[in-house]
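Structure, as structure tokens:
In the numbering used here, the protein residues as written are 337 to 394.
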């Protein structure tokens, strides 16, 4: 299944991640995607942005 359209961000710091999540009410944190991605594939979730926590330095 094709995922719905979304923006993607991979912040380097926790502060950047929190700012992105606060500024985008439809954003979701992505910490592995094992439950979020399948949920998106079945159209049960359609976040406007995924904020990838995997690249955080902190």
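Built from N, CA and C at the ideal position, the CB exists for glycine as well.
- prompt: Residue ranges of each beta strand (DSSP E) run of no fewer than 3 residues wholly in the stretch 337–365, ordered along the chain?
  reply: 343–345
- request: Would you tell me roughly how many angstroms separate the C-alpha atoms of residue 358 and residue 384, rounded to the nearest one?
  value: 13 angstroms
task: Could you tell me if residue 338 is buried or exposed, where buried requires 16 or more neighbouring beta carbons within 10 angstroms of its beta carbon?
output: exposed
field: Element boundaries [beta strand (DSSP E), containing residue 386]
entry: 385–388
message: Can you tell me whether residue 386 is buried or exposed? The criterion is at least 16 other CB atoms within 10 Å of its CB, across all chains shown.
response: buried
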